[in-house]
Amino acid sequence: MATLELNNIVKDFAGTQVIKGVDLEVKDREFVVFVGPSGCGKSTLLRMIAGLESVSSGDILIDGQRMNEVGPAERGLSMVFQSYALYPHMTVEDNMGFSLRLAKVPKAERREKVLEAARILQLENLLERKPKALSGGQRQRVAIGRAIVRNPSIFLFDEPLSNLDAALRVQMRIELARLHEELDATMIYVTHDQIEAMTMADKIVVLQGGIVEQVGSPMELYHHPRNRFVAGFIGSPKMNFIDVEVRDARSEGVSVRLPGGGEYAVPVDASGCQTGDILSLGIRPEHLVLDDAGPLEGEITVIERLGGVTSLYVQCHDEEWILVTDGEVAHRVRDSVRFGFVPTRAHLFAEDGLALSHLERHPLVDVERRQNRASTAADAS
Amino acid sequence: MRSFLLQAPAVSLLLLWMLVPLCMTLWFSFQRYNLLNPMISGFAGVDNYTYLLTDPALWTAMGNTLLLVGWVLAITVVGGTLLAVLFQQEFFGRGIARLLVIAPFFIMPTVSALIWKNMMMHPVNGVLAWLFNLFGFQAVDWFSSLPLTSIIIIVSWEWLPFALLILLTAIQSLDDDQVEAARMDGAGPIAIFWFITLPHLKRAISVVIMIEMIFLLTIFAEIFVTTSGGPGLASTNLAYLIYIRALLDFDVGGASAGGVIAIVLANIVAIFLIRTVARHLET
Chain W
910 MATLELNNIV KDFAGTQVIK GVDLEVKDRE FVVFVGPSGC GKSTLLRMIA GLESVSSGDI
970 LIDGQRMNEV GPAERGLSMV FQSYALYPHM TVEDNMGFSL RLAKVPKAER REKVLEAARI
1030 LQLENLLERK PKALSGGQRQ RVAIGRAIVR NPSIFLFDEP LSNLDAALRV QMRIELARLH
1090 EELDATMIYV THDQIEAMTM ADKIVVLQGG IVEQVGSPME LYHHPRNRFV AGFIGSPKMN
1150 FIDVEVRDAR SEGVSVRLPG GGEYAVPVDA SGCQTGDILS LGIRPEHLVL DDAGPLEGEI
1210 TVIERLGGVT SLYVQCHDEE WILVTDGEVA HRVRDSVRFG FVPTRAHLFA EDGLALSHLE
1270 RHPLVDVERR QNRASTAADA S
Chain L
28 MRSFLLQAPA VSLLLLWMLV PLCMTLWFSF QRYNLLNPMI SGFAGVDNYT YLLTDPALWT
88 AMGNTLLLVG WVLAITVVGG TLLAVLFQQE FFGRGIARLL VIAPFFIMPT VSALIWKNMM
148 MHPVNGVLAW LFNLFGFQAV DWFSSLPLTS IIIIVSWEWL PFALLILLTA IQSLDDDQVE
208 AARMDGAGPI AIFWFITLPH LKRAISVVIM IEMIFLLTIF AEIFVTTSGG PGLASTNLAY
268 LIYIRALLDF DVGGASAGGV IAIVLANIVA IFLIRTVARH LET
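Line by line, the protein sequences give chains W and L.
Residues are numbered in this note's numbering as their position in the first sequence, beginning at 1, plus a constant of 909.
Residues are numbered in this note's numbering as their position in the second sequence, beginning at 1, plus a constant of 27.
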């Protein structure tokens, strides 16, 4: 029903540029997540789309119409705030029906629409309550209900789950994804939590310092990060980085020398790479494996046991490596371990931070989000 | 038990401070006690009360008190709310403007009454008279033709800053997200004021009404300095009537009876007020 296009959006706050030229295209019914560290401009960008902040330069197009000068209420969007922003003196029903009341919708029709939204969100029994008498999760659902009632073309979410406790967050995450399928609407979602980003997004937009670092599907960002920042930001614990020297650059890949002396051939595009260059090698903790014949050796300094998996912090040639291994691992602190990795899982980054692109694309990169769910996978097949 | 002992000095001091004058007032109100005629004394029964309650001056004074309190409350609360919204906006020189608008509250009542009497409302030299003349109107002799209105204007001028101050701090605690959510819902400035700001200020407004009411029931200096309660009794309120009885007529018994009536009146008002305010504070 609605597409969104951002053309070279810039935002100045009293001389400082917080958004430095963002281009983005959001397709109809897409679930797009803006993710990035604090202060990266993701909330500002969302507020500009909502119309709550003015745009310093560039165009915002909704369904092809330029919206820069259109007021927030006329853009056909609705927004769910981090603080929920419910009106404390109104009942749940009045909160949800407020926009209709302002639009002078007759009372009966208003009630019908509110009831419909309340049914979707299982709020029917709470309509007479005031926000103060609701739990955090219920308030969140009312805030979403208020957005639904307006029947917007695009939903905007500003870190809606960050005030909830962990268990509720998992539940609301699934509920939001279900809602996205039920409502068939375009949704834009801001978060700093990469689990939310990875699980809910069709498309993730990674922002840093007001610049888009990469746009892509969750699996694309994970397996083919465009640069070192995205590689480090997506994935937890963080990717390990070490400096390595190029021994050989051929069309099948780049051979690098590890600090311990071992040599590895990483299958990436070698153009622009010469023997003797210093590159940055990145390997995710979950791709490092304990291996008695492995090329790297170090001493364990910290062990974090989570039950299912165990994180090992290993000191190796003045670098600290993080390994994520099986929860059954029996090592103790100060044990010496050897470990290694599969070369296809490693990433190489040039001095300017850009990744050398992999020669083969990961098979899961093009998996669509809806294929991850039983309810809609059947329709797709 | 120990905590009672430790509280005792402070509580007893307060109790003495309050109870002794109250009991003395009650005692005097049942006595024949006129400073001009000390020979006539003794127990008066309810004579002082009958005399006072049958005196039309009391009812005039009560009416004036209610008019004064009611109008000043209306002006300061409505004006204070609107000004609070205005002073919440960003504009050049807001800090200085806020300081200036709050200034009248720091001027003592006698002085501000004198300023209004001699500089603003004076029929010959006053600023208002000059303004009226400028636009071709007849200058008004405020204190003889509109005595109560004049007092209301002066007292409102003094108390508007107080209402503004309390309401401005309250308005600053309004969550920006709520206003933005309302904007997304399609609310214009007036709808935001009516549906979001005003309900948010409800508590602060009740507090302003309660505090102002306590002080406005006992307005004295402004009347004393300007109209002296006149002409006739046109601007005499209860506090001023008691003053007339006690210190112009030297009738301590009658004045004490007036005082007791004032206490009863204030308590009736306070009970209603505290009930409504308490209800607002709960929700």
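We treat Cβ as the ideally placed atom computed from N, Cα and C, and that holds for glycine.
For clarity, every value in this text was computed on a predicted model and none was experimentally measured.
- For the set W:Val935, W:Ile928, W:Val1163 and W:Arg938, the Cα lying nearest the Cα of W:Thr1253 is the one of W:Val1163.
- The Cβ-Cβ distance between W:Ile928 and W:Leu954 falls below 8 Å.
- About 6 Å separates the beta carbons of L:Val99 and L:Ile179, which is inside the 8 Å limit, making them a contact pair.
- In the pairwise beta carbon analysis, the segment 1188 to 1196 of chain W is classified as touching the segment 1135 to 1146 of chain W: at least three pairs are separated by under 8 Å.
- Per DSSP, the unbroken alpha helix (DSSP H) holding L:Phe170 starts and ends at Trp169 to Ser172.
- Residues of chain L whose Cβ lies closer than 8 Å to the Cβ of W:Ala1012 are, in chain order, Gly213.
- Following the DSSP letters along the chain, one finds W:His1256 inside the beta strand (DSSP E) bounded by residues His1256 to Phe1258.
- Excluding its 5 nearest sequence neighbours in each direction, L:Gly281 has C-beta neighbours in its own chain below 7 Å: Asn75, Tyr78, Leu79 and Arg272, listed in chain order.
- Residue environment for W:Asn1149: buried (at least 16 other C-beta atoms within 10 angstroms of its C-beta).
- Shown here, W:His1267 sits in a strand according to DSSP, grouped into three states.
- Against chain L, the beta carbon of W:Leu961 has neighbours under 9 Å at Glu207, Arg210 and Met211, listed in chain order.
- At least one C-beta of chain W is nearer than 8 Å to the C-beta of L:Ile223.
- Identification of chain L residues near W:His1101 by a Cβ-Cβ cut-off of 7 Å yields none; the smallest Cβ-Cβ distance measures about 18 Å.
- Excluding its 5 nearest sequence neighbours in each direction, W:Glu1229 has C-beta neighbours in its own chain below 8 Å: Thr1210, Tyr1222 and Val1223, listed in chain order.
- For L:Ala218, the nearest CB of chain W lies under 8 Å from its own CB, placing it at the interface with that chain.
- When Cβ pairs closer than 8 Å are counted between the two stretches, the segment 35 to 42 of chain L is seen not to touch the segment 1110 to 1122 of chain W, the count staying below three.
- Under the 10 Å beta carbon count, L:Leu33 is surrounded by fewer than 16 other beta carbons and is classified as exposed.
- For the segment 1136 to 1166 of chain W, no residue has a beta-carbon sitting nearer than 7 Å to a beta-carbon of chain L.
- Considering only beta carbons, the part of the segment 987 to 1000 of chain W lying closer than 7 Å to chain L consists of Ser987, Met988, Phe990, Ser992, Ala994, Tyr996 and His998, in chain order.
- Counting along the chain, W:Tyr1222 sits inside the beta strand (DSSP E) bounded by residues Val1218 to Cys1225.
- Around the beta carbon of W:Thr925, fewer than 16 other beta carbons sit within 10 angstroms, so the residue counts as exposed.
- Taking the Cβ atoms as the reference, W:Cys1225 lies roughly 3 Å from W:Gly1207, within the contact range of under 8 Å.
- Taking 8 Å as the upper bound for CB-CB distance, W:Asp1178 and W:Leu1268 are in contact here, some 6 Å apart.
- With 16 or more neighbouring CB atoms inside 10 Å of its own CB, L:Thr224 falls in the buried class.
- The DSSP assignment places no complete beta strand (DSSP E) segment of no fewer than 3 residues inside the segment 259 to 309 of chain L.
- Excluding its 5 nearest sequence neighbours in each direction, W:Ala1158 has C-beta neighbours in its own chain below 7 Å: Ala1179, Cys1182, Gln1183 and Thr1184, listed in chain order.
- The beta carbon of W:Ser966 is closer than 6 Å to those of Val919 in its chain, skipping five residues each way along the sequence.
- The alpha carbon of W:Ala1255 has as its nearest neighbour, out of W:Leu1167, W:Ile1104 and W:Val941, the alpha carbon of W:Leu1167.
- Counting the other Cβ atoms within 10 Å of the Cβ of L:Ala214 gives 16 or more, which makes it buried.
- DSSP assignment within the segment 1169 to 1236 of chain W yields the following whole beta strand (DSSP E) runs of 3 residues or more, N-terminal first: 1172 to 1175, 1187 to 1192, 1197 to 1199, 1205 to 1214, 1218 to 1225 and 1228 to 1235.
- W:Ile969 is a Cβ neighbour of W:Asn977, given a cutoff of 8 Å.
- Taking C-beta atoms as the reference points, W:Ala982 and L:Arg210 count as a pair closer than 8 Å.
- In the DSSP assignment, W:Met988 forms a beta bridge with W:Leu1065.
- Runs of beta strand (DSSP E) with 3 or more residues, each lying fully within the segment 990 to 1034 of chain W, are absent.
- By alpha-carbon distance to L:Thr81, the top candidate from L:Pro188, L:Gly285, L:Leu300 and L:Asn91 is L:Gly285.
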